[in-house]
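*Asks:* For the record, the sequence lines run as chains B and D. Each residue of the first sequence is one higher than the last, beginning at 872 in the numbering used here. Each residue of the second sequence is one higher than the last, beginning at 872 in the numbering used here. Quick one: the structure is below, and I'll ask about it shortly.
Number of protein chains: 2
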Amino acid sequence: MKIIHITKDQKLSLKRSIDAGTEEQRKIVREIIERVKKEGDQALYEYTKRFDGADLQSLHVSKEEISRAYEAVDKEFIDIVQEAAENIFHFHEKQKKESWFYFDEKGTMLGQKLTPVDAVGVYVPGGTAAYPSSVLMNIMPAKVAGVGRIVLVSPPDQNGSLPAEVLVAANEAGVSEIYKAGGAQAIAALAYGTETIEPVDKIVGPGNIFVALAKREVFGTVDIDMIAGPSEIVVLADETAVPHEVAADLLSQAEHDRLATSILVTPSIKLAKEVQKEVVAQLADLPRKDIAAASIEQFGAIYVTDSIEEAVGIVNQLAPEHLEVLTENPTGVLPKIKHAGAIFLGRYSSEPVGDYFAGPNHVLPTNGTARFSSPLNVDDFMKKSSIISYSEEAFRAHASKIAKFARYEGLEAHARAIEARLEKRGSDRNE
Amino acid sequence: MKIIHITKDQKLSLKRSIDAGTEEQRKIVREIIERVKKEGDQALYEYTKRFDGADLQSLHVSKEEISRAYEAVDKEFIDIVQEAAENIFHFHEKQKKESWFYFDEKGTMLGQKLTPVDAVGVYVPGGTAAYPSSVLMNIMPAKVAGVGRIVLVSPPDQNGSLPAEVLVAANEAGVSEIYKAGGAQAIAALAYGTETIEPVDKIVGPGNIFVALAKREVFGTVDIDMIAGPSEIVVLADETAVPHEVAADLLSQAEHDRLATSILVTPSIKLAKEVQKEVVAQLADLPRKDIAAASIEQFGAIYVTDSIEEAVGIVNQLAPEHLEVLTENPTGVLPKIKHAGAIFLGRYSSEPVGDYFAGPNHVLPTNGTARFSSPLNVDDFMKKSSIISYSEEAFRAHASKIAKFARYEGLEAHARAIEARLEKRGSDRNE
């Protein structure tokens, strides 16, 4: 892991170009979507056979399959999932907003009515990427928002099964329906509906390039979440940080993906050198050391700054997905942090505490997008309607100004709609 | 305007396919973006000459130009803009959320830190589409959110000027910088920056197909707002509504655009017939009657239902941009309305009241997207960072569960990052 002395004026960024897919991949995705639109379930069965090797009798996961999943997993796993689900529910409940109104002395009422989205689809990738923690993190904000129908889709294995851990986590999170379908075909089914799967209004959850491209294609018909990039951690530390803990945290991110980014920013050259040594030592016996080493080699870095203030400046430039603050007084640094998906304060807030357990969502903005986007949250599953209720008194007080503004913009029918309320006419029942 | 008797089970939708541009248009847009990235200001000057016919000396609008704009417009226009700006400010201020935290008995602190986006770009179309009300509506939520830098871009006329009304509205709304640049080149400049224009983090505001395609291209590098479709109004009315007022409101939407949609939903066949007659009568002498008549002819409709409940069901299916409720007790209907961008209650809340003056935003979800999206609002210009601060006590209480969950997901380095805090090692300064 290279140590780089950095000056105030250096421009840094975590932005990488997003994989927009090849022309060939986009064509395949468009074809799949068109076939699902036209042929419905039949297309899902055929694609599942072709891509996942499973000859399904039914797309729908039955209650019996969910019961069997509970028998297949450790009792301890269920306990931990339940405790994590409780923490996640609690944190997300605090986010929930209510409709609000205010009134003025003329009898005007203005406000926002908040309503949940009717139906949400959650995509869960297949194979080793089927993380039960992601199932909780994607379903529970929708559940807390009050979404009435939450539909999980995931590609089955060759035997036509979904992982027991995924079924248990989904059930604990409060899923409404689960279907065996993956790839672009599952996204198309969620957006346009088939005989078996009713369409939804919003689709969330990570997936491979075909899933990502399909989400982009159906965006507008339904809403989608962010397209996630590789994971990132930035550790902001001073000389009070413990080197082997810092190194362990950097590696926990690096093991995710060869493309993951792990960065230490510190004014302490001593810490920098010790962490550098610890990373090498700890890498040696990691099960996923090939992945972690590749990530550290290509994207890892230790930036040494002149001061902690400059280090904070670097953090705000990078706008990382995960930020750990391992300084003498972490809360003292917090007001200066402008851009980060999740901020972990102090040595007992190691990043995995947030990944699984604490309650805040682990679906976070990557790729520098923490400059303008947020962790997945309850607001993502609710929408606002403006409420405008003018009294006759308020209307008469302002009507001429409103009509004038309309005419300034050349919109005569707008002005006349206002003036229609001021006229006395034969068709006016209220006269 | 045709009257259609409708039954409960009929499926209706306002969704129309979104103009995704031709392959040729997309190619042009990508070329423009690449040139602006490479050549910066020089490309902006050349494109402005080619597309807008203006030979600019400077991209930046000076303080003197803004002063001259105030002299060029009516005093009354300034007064109305100021009063509207005050109302808009007031309504949007009520939306502003604060950072929040909570604590547990083990000393854990969890919460969300809310911060404004650093810099926002607002696109204002040229020519007759340069509405000062839109300038207010796009800038002010960002201002209220606390965005430090708000940059307006708009294509100049052949003399290299922007409309005085736009400059006055922008200044009243609190703009930071104004530049003369339009089309895809202006979007590229906002996303990637040039010598004169620093890049922003988010771009909002309507534009033609080239602007819309450019926004799609730069999405990810910066955030963008929704791509707006043609305007829509649905009037939900019973026999107490005043026919000539209903007709005037339908026409005020129809005059916007040949593609606009104006729909009346009512259980009253009497009202339906009277409104139908009034629409014809009022169309006759509208200045924009060609546009309004085309819109009414192609997309206008009067749906007659069996009951007011069924009419509400139709409204929720349509999920309109604007909804007027002209029934005996409009507030009584409100709880049943699930999907609408803005809801206008009662006869004195004619839709133009909200367009210009009342305070709620007129940038609203179109094309059925009110099922999952919201009016432009302060939250769109703020983002959340999760805060996780675990105490040693809380950490020790949960560490083994967190490590176990990590190992269930096959992520050993995650488990070790947790366990690193439990070890005693030589490099641990705290021992």
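Built from N, CA and C at the ideal position, the CB exists for glycine as well. Please read all numbers here as calculations on a predicted model, not as lab measurements.
1. Taking the alpha-carbon of T1240/B as reference, which of V988/D, D1177/D, I1134/D and E947/D has the nearest alpha-carbon?
2. At 7 Å on the CB atoms, spell out the chain D contacts of D1120/B, in chain order.
3. Which partner residues of M815/D appear in the DSSP bridge assignment?
4. In chain D, which residues lie with their C-beta within 9 Å of the C-beta of F948/B?
5. How would you write the range of the alpha helix (DSSP H) that R1287/B sits in, first residue to last?
6. Shorter than 8 Å from the beta carbon of A1143/D to some beta carbon of chain B?
7. Would you grab the beta carbon distance between A955/D and Y1227/D for me? Rounded to a whole angstrom, and I think it's under 8 Å.
8. Quick one, which of E1043/B, A1182/B and T1111/B has its alpha-carbon nearest I951/B's?
9. Who are the near neighbours of S1102/B in its chain, counting only those whose CB is closer than 8 Å to its CB and skipping five residues on each side?
10. Under a three-way DSSP split, which group does H963/D fall into?
11. Is there at least one Cβ from chain D nearer than 8 Å to K1255/B's Cβ?
12. For the alpha helix (DSSP H) containing T1202/D, name the first residue and the last one.
13. Going along chain B, which residues have a C-beta under 9 Å from I959/D?
14. First and last residue of the beta strand (DSSP E) that includes K1073/B?
15. For I1249/D, count neighbouring C-beta atoms within 10 Å of its own C-beta (all shown protein chains included) and say buried if the count is 16 or more, exposed if not.
16. Against chain A, does N1248/D count as a neighbour if the rule is that its beta carbon must be under 8 Å from one of theirs?
17. Starting from K1160/D and walking both ways along the alpha helix (DSSP H), at which residues does that stretch end?
18. Do you know offhand how far T979/D's Cα is from V1224/B's?
19. For H876/D, count neighbouring Cβ atoms within 10 angstroms of its own Cβ and tell me buried if that reaches 16, exposed if not.
20. Shorter than 8 Å from the beta carbon of E894/D to some beta carbon of chain B?
21. Should I1140/D be labelled buried (16 or more other beta-carbon atoms within 10 Å of its own) or exposed?
22. Classify D1072/B: buried if its beta carbon has 16 or more other beta carbons within 10 angstroms, exposed otherwise.
23. Closer than 8 Å, Cβ to Cβ, to anything on chain B: give me those residues from the region 986-1008 of chain D, in chain order.
24. Look at the alpha carbon of A1164/D and the alpha carbon of K1207/D, and state the distance between them as a whole number of angstroms.
25. Return no unless some Cβ of chain D is closer than 8 Å to the Cβ of Y973/B.
26. Check whether the region 1145-1155 of chain B and the region 1193-1204 of chain B touch, using three or more Cβ-Cβ pairs below 8 Å as the test.
27. Is it right to say S1257/B is buried, meaning 16 or more other beta carbons lie within 10 angstroms of its own, or is it exposed?
28. Can you tell me the Cα-Cα spacing of A1059/B and A1291/D, whole angstroms?
29. State the DSSP-derived secondary structure class of I1068/D, mapped to helix, strand or coil.
30. At a Cβ cut of 9 Å, what residues of the region 1030-1052 of chain B count as close to chain D, listed as they run along the chain?
31. Which residue marks the beginning of the alpha helix (DSSP H) containing K1275/D, and which one marks its end?
32. Ignoring anything shorter than 4 residues, give me the alpha helix (DSSP H) runs that lie fully in the region 928-979 of chain D, in order along the chain.
33. Would you please verify whether the beta carbon of P1077/B is less than 8 Å from any beta carbon of chain D?
34. Just verifying my parser: in three-state terms, what is the DSSP assignment at T1137/B?
35. Does the distance from the C-beta atom of L1122/D to that of A1284/B stay below 8 Å?
36. In chain D, which residues lie less than 8 Å from I1214/B when you measure between Cβ atoms?
*Replies:* To lay it out plainly:
1. Among V988/D, D1177/D, I1134/D and E947/D, the Cα nearest to that of T1240/B belongs to V988/D.
2. Those within 7 Å of D1120/B in chain D are A1288.
3. Given a span of 872 to 1302 for chain D in the structure shown, any question on residue 815/D remains unanswerable.
4. Chain D residues near F948/B: K1275, F1276 and Y1279.
5. For R1287/B, the enclosing alpha helix (DSSP H) begins and ends at E1283 to A1291.
6. Cβ-Cβ to chain B under 8 Å: no for A1143/D.
7. 6 Å between Cβ atoms; contact.
8. The residue with the shortest Cα to Cα distance from I951/B is E1043/B.
9. Answer for S1102/B: Q1124, H1127, D1128, A1131, T1132, E1192, H1193 and T1237, listed in chain order.
10. H963/D falls in the helix class under three-state DSSP.
11. Output row for K1255/B: interface = yes.
12. For T1202/D, the uninterrupted alpha helix (DSSP H) segment begins and ends at P1201 to V1204.
13. Correct list: empty, because the minimum Cβ distance to chain B is about 11 Å.
14. Going by DSSP, K1073/B is part of the beta strand (DSSP E) stretching over K1073 to V1075.
15. Per the sequence presented here, residue 1249/D reads as Val, with Ile not at that position. That one is buried.
16. Looking at the structure shown, chain A is missing, and the protein chains on hand are B and D.
17. Start and end: K1160 to F1170.
18. V1224/B has its alpha-carbon roughly 12 Å from the corresponding atom of T979/D.
19. The residue in question, H876/D, is exposed, as its Cβ has fewer than 16 Cβ neighbours within 10 Å.
20. Not one chain B Cβ lies under 8 Å of E894/D.
21. Flag for I1140/D reads exposed.
22. Looking at its Cβ environment, which holds 16 or more other Cβ atoms inside 10 Å, D1072/B is buried.
23. The region 986-1008 of chain D vs chain B, Cβ under 8 Å: T986, V988, D989, T999, Y1002, P1003 and S1004.
24. So the two alpha carbons sit approximately 32 Å from each other.
25. True, the Cβ-Cβ gap to chain D drops below 8 Å.
26. Too few Cβ pairs lie closer than 8 Å, so no.
27. Buried.
28. Spanning the two alpha carbons is a distance of roughly 45 Å.
29. The answer is coil: DSSP assigns I1068/D none of H, G, I, E or B.
30. E1036: these are the residues of the region 1030-1052 of chain B whose beta carbon lies less than 9 Å from some beta carbon of chain D, given in chain order.
31. Here the alpha helix (DSSP H) through K1275/D covers E1263 to Y1279.
32. Here the runs fully enclosed are 934-943 and 946-964.
33. No, no contact with chain D.
34. Residue state, collapsed to three classes: strand.
35. For L1122/D and A1284/B, yes; Cβs fall inside 8 Å.
36. Listed by position along chain D, the residues whose Cβ is nearer than 8 Å to that of I1214/B are K984, S1256, S1257, I1258 and I1259.
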